[in-house]
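To start, the structure under review is shown below, and the notes come after it.
In this note's numbering, the protein residues as written are 1 to 120.
Take a look at the structure:
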């Protein structure tokens, strides 16, 4: 904690930011703050039912901004909630494409059909 006071003095005397003063002292501001703390990733703050509801509203023609205005959210929060829900859903329920991608003994398309196919 005393390093912060030294950094404040350096920043005043040399007229630099506190972060630059910490760097001059060979101390990282982020490492000093995060020392000894561990953080776990938090889950979504929106319920699954809520996100499904806003997805349905979006499919019915409402924009993210309109949905956000109705619920007191920003356009980015609505888009982020939908994006995170889709990512979470994709990892829980792998689709046929991801199952095919996970196969160990995959065969190239060229060898499956006996040669290159030309579209008509």
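For every residue, glycine included, the Cβ atom is placed at its ideal position computed from N, Cα and C.
Note that the structure is predicted; figures quoted are calculated from it, not measured.
Contact check, residue i vs residue j, beta carbons under 8 Å
{"i": "residue 27", "j": "residue 3", "result": "yes"}
{"i": "residue 51", "j": "residue 87", "result": "no"}
Residue i versus residue j - alpha carbon distance
{"i": "residue 46", "j": "residue 61", "result": "21 Å"}
{"i": "residue 58", "j": "residue 68", "result": "11 Å"}
{"i": "residue 100", "j": "residue 63", "result": "Below a pLDDT of 50, predicted positions are generally treated as unreliable, and residue 100, at 49, falls in that range; the measurement from the model is reported next regardless. Roughly 34 Å between the two C-alpha positions."}
{"i": "residue 74", "j": "residue 85", "result": "17 Å"}
{"i": "residue 5", "j": "residue 80", "result": "39 Å"}
{"i": "residue 91", "j": "residue 44", "result": "15 Å"}
{"i": "residue 14", "j": "residue 1", "result": "20 Å"}
{"i": "residue 9", "j": "residue 23", "result": "14 Å"}
N- and C-terminal bounds of the alpha helix (DSSP H) containing residue i
{"i": "residue 91", "result": "75-92"}
{"i": "residue 166", "result": "Since the first residue shown for the chain is 1 and the last is 120, residue 166 is missing from the structure and cannot be characterised."}
{"i": "residue 68", "result": "64-71"}
{"i": "residue 16", "result": "Segment: none, residue 16 is in no alpha helix (DSSP H) and carries neither H nor E."}
Option nearest residue i by Cα separation, candidates the options
{"i": "residue 78", "options": "92, 53, 91", "result": "53"}
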